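Please read the structure below before turning to the comments.
Residue numbers (our numbering): 1 to 123.
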């Protein structure tokens, strides 16, 4: 059987990435991070791991990865993530979009998807 061991995420500054993603996800480093690599895992001990790999160029020119973060209170989570250093991305949203596109401090895009009870109610 094969399973996902981690999602590898390119960052320009590994320490900054650690600070951002541990605060966002409630993760912690699995072991002492290197200057160019870190492996993060949930404090609770179960769930996917996130590996941060140093990259030398802008990561938002050709993103080949992203995360969908499901939020019960999307508006509150978007505000919290922006407070942690995320930024809103200009995006051509379709009508009824249930997600908001943000970028981490290194320009990596990710989505905050409405997953609470309001997201399941008919419009």
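By construction, the Cβ of each residue, glycine as well, lies at the ideal position given by its N, Cα and C atoms. For clarity, every value in this text was computed on a predicted model and none was experimentally measured.
Practice item. Please report how far the alpha carbon of residue 9 lies from the alpha carbon of residue 77, in whole angstroms. Key: Going from the Cα of residue 9 to the Cα of residue 77 covers about 21 Å.
**Study point:** Cβ neighbour criterion (16 or more within 10 Å) applied to residue 41
**Key:** Residue 41 comes out buried.
**Study point:** Cβ distance (whole Å) where residue 33 is taken to contact residue 6 below 8 Å
**Key:** 14 Å between Cβ atoms; not a contact.
**Study point:** Cβ shell of residue 87 (< 7 Å), same chain only, five flanking positions each side left out
**Key:** Closer than 7 Å at Cβ, skipping near neighbours: 102, 103.
Exercise for review: Confirm, please, whether the CB-CB distance from residue 115 to residue 130 is below 8 Å.
Suggested key: Past the boundaries of the shown model lies residue 130; the chain is included only from 1 to 123, so the question cannot be answered.
Practice item. Following the continuous alpha helix (DSSP H) through residue 71, name the residue where it begins and the one where it ends. Key: Annotation: residue 71 is outside any alpha helix (DSSP H); the continuous beta strand (DSSP E) that includes it extends over 68-71.
Exercise for review: Could you spell out where the beta strand (DSSP E) holding residue 49 opens and where it closes?
Suggested key: Counting along the chain, residue 49 sits inside the beta strand (DSSP E) bounded by residues 49-54.
Practice item. Could you work out which residue in 46, 36, 90 is closest to residue 4 when comparing CA atoms only? Key: Of all alpha-carbon atoms in 46, 36, 90, the one lying nearest the alpha-carbon of residue 4 is that of 46.
Review point. So what's residue 88 in DSSP terms, helix, strand or just coil?
Key: In the structure shown, residue 88 sits in a strand (DSSP, three-state: E or B).
Check your understanding: Closest to residue 37 by CA distance: which of 26, 80, 85, 15 is it?
Key -> Comparing Cα-Cα distances from residue 37 to each of 26, 80, 85, 15, the minimum goes to 15.
Exercise for review: Quick one: residues in its chain with C-beta nearer than 6 Å to the C-beta of residue 26, no 5 flanking neighbours on either side, listed in chain order?
Suggested key: The beta carbon of residue 26 lies closer than 6 Å to those of 43 in the same chain, with the five residues before and after it left out.
Review point. So what's residue 112 in DSSP terms, helix, strand or just coil?
Key: Looking at residue 112 - three-state DSSP - the assignment turns out to be strand.
Check your understanding: Which residues does DSSP pair with residue 41 in a beta bridge?
Key -> Per DSSP, 28.
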